[in-house]
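**Student:** Okay, here's the structure, questions in a sec.
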Amino acid sequence: MTRLIVALDGVTFNQARESGALSALAKACEKSMIWGVKISDMLYSGDVTKIISALKEEFKLGIMADVKLHDIPSNTGSNNQGQGEDGHHSRRPQHRS
Numbered sequence: 428m429t430r431l432i433v434a435l436d437g438v439t440f441n442q443a444r445e446s447g448a449l450s451a452l453a454k455a456c457e458k459s460m461i462w463g464v465k466i467s468d469m470l471y472s473g474d475v476t477k478i479i480s481a482l483k484e485e486f487k488l489g490i491m492a493d494v495k496l497h498d499i500p501s502n503t504g505s506n507n508q509g510q511g512e513d514g515h516h517s518r519r520p521q522h523r524s
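Letter 61 of the sequence shown, counting from 1, is numbered 488 in the working numbering, and no numbers are missing.
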């Protein structure tokens, strides 16, 4: 059976945890329905070491980290990417054209 990687874009770790999304994905992973998750925005929404540890140890998910050091301008700056839990921009690189 082919297992999928589910993209968790546009949400912080706390949002995904509180909404129950991570628990639902953990159940799908346990049933071999998915391999794990792709995270990008989550990498900039808190302590990345704790986030990755929780995804791996607490939720037993495979993780594909999409760091996005380079991206097309329409995917940067126009949404919540790069914003921390408090809504302020963090260390997210910004494109300048």
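Glycine included, each C-beta is placed from N, C-alpha and C at the ideal position. Computed from a predicted model, the values in this text were never measured in an experiment.
Between the beta-carbon of residue 492 and the beta-carbon of residue 444, is there less than 9 Å?
**Tutor:** Contact: no.
**Student:** Can you give me the start and stop residues for the beta strand (DSSP E) that residue 453 sits inside?
**Tutor:** Looking at the DSSP string, residue 453 is not in any beta strand (DSSP E); the run it does join, the alpha helix (DSSP H), is 448 to 457.
**Student:** Bridge partners for residue 463 per DSSP, in chain order?
**Tutor:** BP columns for residue 463 point to 432 and 489.
**Student:** For residue 460, count neighbouring Cβ atoms within 10 angstroms of its own Cβ and tell me buried if that reaches 16, exposed if not.
**Tutor:** Looking at its Cβ environment, which holds fewer than 16 other Cβ atoms inside 10 Å, residue 460 is exposed.
**Student:** Answer yes or no: do residue 470 and residue 452 have a C-beta to C-beta separation smaller than 9 Å?
**Tutor:** No, the pair does not count as a contact, with Cβ atoms beyond the cut-off.
**Student:** What first and last residue would you give for the alpha helix (DSSP H) that runs through residue 477?
**Tutor:** Per DSSP, residue 477 belongs to the alpha helix (DSSP H) from 475 to 480.
**Student:** Can you tell me whether residue 494 is buried or exposed? The criterion is at least 16 other CB atoms within 10 Å of its CB, across all chains shown.
**Tutor:** So residue 494 counts as exposed.
**Student:** Does residue 495 come out as helix, strand or coil in the three-state DSSP assignment?
**Tutor:** It is coil, neither helix nor strand.
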